[in-house]
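First to last, the protein sequences are chains A and B.
The first sequence: position 206 = 206 (the UniProt record's numbering), numbered continuously.
The second sequence: position 293 = 293 (the UniProt record's numbering), numbered continuously.
Cβ coordinates follow ideal geometry from the N, Cα and C atoms, glycine included.
There are 2 protein chains.
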Amino acid sequence: MNTFNVGLIGMGTVGAGVAKILLEKGSPLLEKLDCVPVLKGIADRNPDVKNKLNLPSDILFTTDAKELLNNPDIQVVVELIGGLHPAMEIITTALEKGKDVVTANKMLLALHGSELFSKARRHGKSISFEASVGGGIPIIAALRDGFIANKIEAIFGIVNGTTNYILTKMTREKVKYSDALAEAQRLGYAEKDPTMDVEGIDSSHKLAILARIGFGVDFDYKNIYHEGISAMDLSDIWYAHELGYTLKLLAIAKKTENNIELRVHPTLLPHDHPLSSVNGVFNAICITGSAVGETMLYGKGAGQMPTASAVVADLVDVALGRAGITFKAMKTFSGHCEYVPIADIQQFKTRYYLRFSVVDKPGVLAKISGILGKYEISIASVIQHKARENGTVPLVMMTHLAEEGNLQKALTEMKQLDVIKDHTKFLRVEE
Amino acid sequence: MNTFNVGLIGMGTVGAGVAKILLEKGSPLLEKLDCVPVLKGIADRNPDVKNKLNLPSDILFTTDAKELLNNPDIQVVVELIGGLHPAMEIITTALEKGKDVVTANKMLLALHGSELFSKARRHGKSISFEASVGGGIPIIAALRDGFIANKIEAIFGIVNGTTNYILTKMTREKVKYSDALAEAQRLGYAEKDPTMDVEGIDSSHKLAILARIGFGVDFDYKNIYHEGISAMDLSDIWYAHELGYTLKLLAIAKKTENNIELRVHPTLLPHDHPLSSVNGVFNAICITGSAVGETMLYGKGAGQMPTASAVVADLVDVALGRAGITFKAMKTFSGHCEYVPIADIQQFKTRYYLRFSVVDKPGVLAKISGILGKYEISIASVIQHKARENGTVPLVMMTHLAEEGNLQKALTEMKQLDVIKDHTKFLRVEE
């Protein structure tokens, strides 16, 4: 039996999971492989980690990642520290030293993927990153290999478990955002500073990775529109629910003729849409391909063992030599790709949910619908709720297909109307 | 750009789809590969196929598969004729002639997989079979590669689109079995002789393939329990629906300590189970892994282009050299595997739905529950419906966990009761 030596850098939750699988080799397929990934060394800045892990004595432990990077016995480096620095430098050095790389670092790949991929190609090494999106769901392999015969038309997904947990809790238990967030933090699903998750930034990183693979194009990450859930009102979730829609934070990629749509925002989905029943910390990604049609992959999008499952799958790919072939063949994240502009959010067309806080007197609907009509936004349905707050009533509307730019203009013009109080809320819809 | 020459044997619906993708190369990833699968020859017993296809002149067409098998330029043979013979001989010859094989033939793999895999290993060639289960869903790759770090605990799936279409139609439109089947046949979803699909045989073939990969063991295919949907009463679908359950034909594989459970039968699932909302010709497979937890893959399980999508993905794997590595590394379907007995259906434990046709008089429930109690079957809920047919009323029960053998004995004993008329129906439940 051949072995392939692994150096693990960053021994947090996921790192400990990876070590556990590599040391226990509990899987029947894993233990029968021709070439098995073997844990050789671990680096973590915290020296206490060594005692906590109860490592076998033949595994090198160091607080200095350089020790692993300089060790010629280590053939593949697993980067699990996250963030841009020093992850970037560690991966770069590993490649320069002739080591393959496995990473779960979505932020680094979204922002500097092309650079790192070019570097890996120059050194004849590979970067594997199944764990960067969807935790244990083999979404990268599916898009890149399983659906290779397809022109990918759309990728829709719930790719952030933290926000899905919060929205599920708000929807099911009628809990307001701040309380749901606090509970997520208590359970370890949300970080102390939840910004990356709740503002949709983490989702936009993952979307960038999926879109680069699925569409085989390059684009400017900065132009991905993202909007989080921190401003979500419980009442909108509930009015929309009554109208037959479930609220999810979606990452959406669509290929149009000349450009691509890439956006992350709270989105209303019909209750019977497969993504509507993806609850809690689960993730799911729908892919529409020209040959395969509609597909969905579902599973735990984060957490120790699901993510470790994906990291170890990558390590097996590297050990068997498949990762190198795949990386060489996959002409994404590189100069080989056509650069495509991301469509401006103003040009997006969707249906909208609108909630106005209006003064309850005759003529209000006429004024609002007049302005909407002026901007070619037609109304599909209207519900006036009785719930009265501070002298206003909520007026909820669903529109037909409309252009975002027109909606923005209409909403700006409506600010002049004295019958509208407070901020008007709107949500985008996908069918 | 390197090319890898493909010979396609069997030019039915799926074959035409494969040809279309290989000739059009519409996918951005496919067209940028280092080594591209190129359609070199087609064999079909029907000479008319040639004209129908409108093939480019440089593609060899023959009515004799041997011509492709003997052609040294052809490096990979795609077997798409289905059935046991001559598919078996074609694959065997292709391997002997030093060609790799791609097939969608689930029956052949279920019955003679180990034999064919040993043959391929002896000749240093590979057999790829992503299209054999779940159409375009990359389920084989997910189980074999994506979840390799896992001990697979359970595989549950809707793997037959024909029966799922029929059950969906019966459930949604309250149409009886024979009418739903006729509609499926009219739409081309069911064959003229639907036996393989409706009796659960096709599902058991697919289950055998999934279980061999997932559990990494070998077993006797003949011992897989299978039961189809041809005897399904619409009334049971509806009584169960009222109780909160959806009826699906499931293929179920579970690993227990000393053996495995492998069974195909109509199964009741709670409405909120992810498989309950898989409708029409869609397939979905849930996999529970020790690290990854619960996952589900969903998509079109059959049809021209979804299946062709999987075949072409396999061809790319072969062309790039990944298929050979994977096939060599994957110690399933072979003498390398532990042989494990399939648990006898009598030992299975599930909850049951029971429907008795009883005479409407006092003491009936006491008699029935007495016999159930004698065999350690306890009742979770009872509904007596008012609907009266031929002087009897339906008595519907849900049991707690019970052993199938005990249930069978109880039902046999109840045949002596004069208060029970007709055949007693029962359905197994999964949560």
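Are the beta-carbon atoms belonging to residue i and residue j less than 7 Å from one another?
i	j	result
Y165 of chain B	G299 of chain B	no
A253 of chain A	A319 of chain A	no
H273 of chain B	E227 of chain B	no
S132 of chain B	A87 of chain B	no
H205 of chain B	M330 of chain B	no
L69 of chain A	K97 of chain A	yes
D145 of chain B	S126 of chain B	no
T163 of chain B	L249 of chain B	yes
V77 of chain A	G10 of chain A	no
G157 of chain B	A251 of chain B	yes
N150 of chain A	S118 of chain B	no
L395 of chain B	F356 of chain B	yes
Y353 of chain B	A240 of chain B	yes
L224 of chain A	L262 of chain A	What sits at residue 224 of chain A in the sequence shown is Ile, not Leu. Contact flag set, yes.
V419 of chain A	V359 of chain A	yes
L268 of chain A	V429 of chain A	yes
L417 of chain B	K361 of chain B	no
S276 of chain B	T246 of chain B	yes
I304 of chain A	T63 of chain A	As written in the sequence, residue 304 of chain A is Gln, which differs from the Ile given in the question. Contact flag unset, no.
Beta strand (DSSP E) containing residue i: first to last residue?
i	result
M397 of chain B	T392 to T399
E294 of chain A	G293 to K300
K254 of chain A	Y245 to K255
T63 of chain A	Neither: T63 of chain A is in no beta strand (DSSP E) and is coded neither H nor E.
A284 of chain A	F282 to G289
I260 of chain A	I260 to P270
H85 of chain B	No beta strand (DSSP E) holds H85 of chain B; DSSP gives it neither H nor E.
A154 of chain B	I152 to I158
Report the partner residues of residue i according to the DSSP bridge assignment.
i	result
D100 of chain A	A:V76
D218 of chain B	B:Y339
A402 of chain A	A:T350
L427 of chain B	B:Y353
V382 of chain B	B:M397
Y225 of chain A	A:R263
K421 of chain B	B:S357
S128 of chain B	B:V102
I'd like the span of the alpha helix (DSSP H) that includes residue i, first residue to last.
i	result
E376 of chain B	First-last for E376 of chain B: undefined, no H or E at that position.
Y239 of chain A	L234 to E242
Y165 of chain A	G161 to E173
H112 of chain B	K106 to R122
D179 of chain A	Y177 to R186
N5 of chain A	Premise fails: N5 of chain A lies in the beta strand (DSSP E), N2 to I9, not in any alpha helix (DSSP H).
T195 of chain B	T195 to V198
Once the 5 residues before and after residue i are set aside, which same chain residues still bring their CB inside 8 Å of it?
i	result
G83 of chain A	N105, M107 and L108
P312 of chain A	The sequence shown places Val at residue 312 of chain A, not Pro. Here the set comprises V18, I21, L22, L30 and P37.
V175 of chain B	K169, E183 and L234
P138 of chain A	E130, L297, A310 and A313
E376 of chain A	A402, E403 and N406
Keeping to the same chain, check which residues put their C-beta closer than 7 Å to that of residue i; ignore five residues upstream and five downstream.
i	result
residue 476 of chain A	In the structure as shown, chain A starts at 1 and stops at 431, and residue 476 of chain A therefore has no counterpart that could be examined.
E79 of chain B	I9, G10, A87, I90, I91, V101, T103 and N105
A94 of chain B	L69, V77 and V101
E183 of chain A	K169
A180 of chain A	I166, K169 and M170
S369 of chain A	I379
By Cβ distance, which residues of its chain are closer than 6 Å to residue i, with the 5 residues on each side in sequence left out?
i	result
V217 of chain A	C337, E338 and V340
I155 of chain A	L210, G214, A253 and I287
K349 of chain B	L401 and E403
P306 of chain B	G135, G136 and K300
S378 of chain A	H400
residue 433 of chain B	Outside the shown range of chain B (1 to 431) lies residue 433 of chain B, about which nothing can therefore be said.
F4 of chain A	C35, P37, Q75 and A319
G289 of chain A	F147, N150 and I152
L372 of chain B	A410
T171 of chain A	I237
Is residue i near the ligand FMN, with its Cβ less than 6 Å from a heavy atom?
i	result
D314 of chain A	The ligand content of the structure shown is nil, which means the ligand FMN is not present either.
> Fully enclosed by the stretch 312 to 346 of chain B, which alpha helix (DSSP H) runs are 4 residues long or longer?
Replying inline: 322 to 329
>> So within the stretch 11 to 49 of chain A, which uninterrupted alpha helix (DSSP H) runs reach at least 4 residues, ignoring any that extend past its ends?
In response: 13 to 24 and 28 to 31
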